[in-house]
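Residue numbers (my numbering): 125 to 337.
Backbone N, C-alpha and C define an ideal beta-carbon position, used for all residues, glycine too.
If you're wondering where the values come from, they're calculated on a predicted model, not measured in any experiment.
The structure appears below as structure tokens.
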DNA sequence: ATCCCGAGGG
DNA sequence: CCCTCTGGAT
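Here's what the structure looks like:
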């Protein structure tokens, strides 16, 4: 498919998904930027439903960056254990919190460059924070769902999430990047799942190059 | 057996 | 580029 055709194809996909999921939004529970940052770190290779089961206790025990930075490791690991990768995640949470205390007055920074310097925070997590805590459209969140659907829609052959994002950005208007991320995530979870996509009920069936394969 | 809103290290 | 980290759900 040529560049012009790919662009209109992208616009049509976005239009249809917006009709289907007008309320698509971040499904991680949070009340502050710090809470969203913690929840997003926990979301690696874990369902957001599972993350939402442990964060109430996490937020209650460690109500600030300073409290989280001083957390007892064994206690913290116990609280987040069911989300998987719990040793790495505990280290990331404490290291991230300590960096906030040391370099940002205990607050979550608002730029990509500062966010990805935080331990355990990569480009995907940074895009979640910028888009959903601060309302900024700095990029597209490329998680497992967005990467999978981008491939199935024929937008890219890349698998590296940074390259997938680079391929997606020029296809969609900047002011919709955060919303578009949620549209793909919602569609990925509800219809275009990894193991057995439900093409028979998909609103994009007639324009999807991967339909019924 | 495979996947879930990844990141760090080699 | 690869590998490792981990429990829970299907």
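Measuring CA to CA, which of the options is closest to residue i?
{"i": "residue 161", "options": "177, 286, 209, 248", "result": "248"}
{"i": "residue 258", "options": "288, 295, 302, 228", "result": "302"}
{"i": "residue 289", "options": "142, 263, 281, 195", "result": "263"}
{"i": "residue 270", "options": "242, 306, 295", "result": "306"}
{"i": "residue 98", "options": "133, 146, 177, 143", "result": "Nothing about residue 98 can be reported from this structure: the residues present for the chain run from 125 to 337 only."}
{"i": "residue 169", "options": "208, 190, 157, 137", "result": "208"}
{"i": "residue 156", "options": "194, 218, 180", "result": "180"}
{"i": "residue 224", "options": "133, 245, 276", "result": "245"}
{"i": "residue 167", "options": "230, 184, 316, 265", "result": "265"}
{"i": "residue 201", "options": "322, 149, 210", "result": "210"}
{"i": "residue 219", "options": "284, 147, 240", "result": "240"}
{"i": "residue 321", "options": "159, 281, 273", "result": "273"}
{"i": "residue 154", "options": "193, 173, 300", "result": "173"}
{"i": "residue 229", "options": "328, 315, 139, 158", "result": "158"}
Classify residue i: buried if its beta carbon has 16 or more other beta carbons within 10 angstroms, exposed otherwise.
{"i": "residue 267", "result": "buried"}
{"i": "residue 251", "result": "buried"}
{"i": "residue 204", "result": "buried"}
{"i": "residue 214", "result": "buried"}
{"i": "residue 331", "result": "exposed"}
{"i": "residue 311", "result": "buried"}
{"i": "residue 206", "result": "exposed"}
{"i": "residue 197", "result": "exposed"}
{"i": "residue 294", "result": "exposed"}
{"i": "residue 255", "result": "buried"}
{"i": "residue 233", "result": "buried"}
{"i": "residue 164", "result": "buried"}
{"i": "residue 319", "result": "exposed"}
{"i": "residue 333", "result": "exposed"}
{"i": "residue 237", "result": "exposed"}
Can you give me the start and stop residues for the alpha helix (DSSP H) that residue i sits inside?
{"i": "residue 159", "result": "157-166"}
{"i": "residue 187", "result": "Neither: residue 187 is in no alpha helix (DSSP H) and is coded neither H nor E."}
{"i": "residue 219", "result": "210-228"}
{"i": "residue 204", "result": "197-204"}
{"i": "residue 237", "result": "236-239"}
Is any heavy atom in the ligand NAP found nearer than 8 Å to the beta carbon of residue i?
{"i": "residue 217", "result": "The ligand NAP is absent from the structure shown, which contains no ligand whatsoever."}
Inset, instruction - Counting only runs of 4+ residues fully inside the region 241-310, write out the alpha helix (DSSP H) ranges in chain order. - result: Here the runs fully enclosed are 247-256, 268-276, 285-292.
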